[in-house]
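Trainee: All residue numbers for the sequence shown refer to this note's numbering, where the first residue is 825 and numbers rise by one.
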Amino acid sequence: MVKVYYSEMVRDAEATRRAILASARAEFAAHGLAGARIDRIAARSGCNKERLYASFGDKEQLYQRVLGGMLEESIIEAWHEHCGQH
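(1) Near Ile-862, what residues of its chain come up, given a Cβ to Cβ distance below 7 angstroms and the 5 sequence neighbours on each side ignored?
(2) Within 10 Å of its beta-carbon, does Ser-898 have 16 or more other beta-carbons around it, so buried, or fewer, so exposed?
(3) Name the residue from Leu-891, Ala-860, Gly-870 and Glu-901 whose alpha carbon lies nearest to the alpha carbon of Ala-843.
(4) Whole angstroms is fine: what's the gap from Ala-853's alpha carbon to Ala-837's?
(5) How many angstroms separate the CA atom of Tyr-887 from the CA atom of Gly-856?
(6) Using a threshold of 8 angstroms, state whether the C-beta atoms of Ala-839 and Ile-865 are closer than that.
(7) Where are the beta strand (DSSP E) runs, 3 residues long or more, that stay fully inside the segment 839-894, in chain order?
(8) Given that a residue counts as buried once 16 or more other Cβ atoms are within 10 Å of its Cβ, and exposed if not, what is Ala-860?
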């Protein structure tokens with residue numbers, strides 16, 4: 825029997841969420857919200873659709889999460905650029 829510790833499971837869940845977000849970002853960039861397909865996102869991220877839906881809800885919620893992450897990245901980048909100029 826293989827023992828799996830809670831910290832390993834959390835790390836795996838976080839890695840899965842990051843993989844889903846990265847796959848979704850690429851899918852939405854290539855196909856837009858209307859053309860994006862959850863099955864392609866799930867396949868690219870290496871998880872099943874059930875895991876994707878459990879983690880992010882529906883396609884629109886996943887899209888909002890991807891956009892929110894992109895906005896956060898832009899704000900952080902702008903902040904670093906601004907602070908670096910002074």
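No residue lacks a Cβ here, since even glycine has one placed at the ideal position from N, Cα and C.
Mentor: Answer, in terms of the structure:
(1) Around Ile-862: Lys-873, Leu-876 and Lys-883.
(2) If you draw a 10 Å sphere on the C-beta of Ser-898, you find fewer than 16 other C-beta atoms in it, and that means exposed.
(3) Ranking the options by Cα distance to Ala-843, first place goes to Gly-870.
(4) The straight-line gap separating the alpha-carbon atoms of Ala-853 and Ala-837 is approximately 24 angstroms.
(5) The alpha-carbon atoms of Tyr-887 and Gly-856 are separated by roughly 9 angstroms.
(6) Result no, Cβ atoms of Ala-839 and Ile-865 do not sit closer than 8 angstroms.
(7) The segment 839-894 contains no whole beta strand (DSSP E) run of 3 or more residues.
(8) Sixteen is the threshold: when 16 or more other Cβ atoms of the shown chains lie within 10 Å of the Cβ of Ala-860, as they do, the residue is buried.
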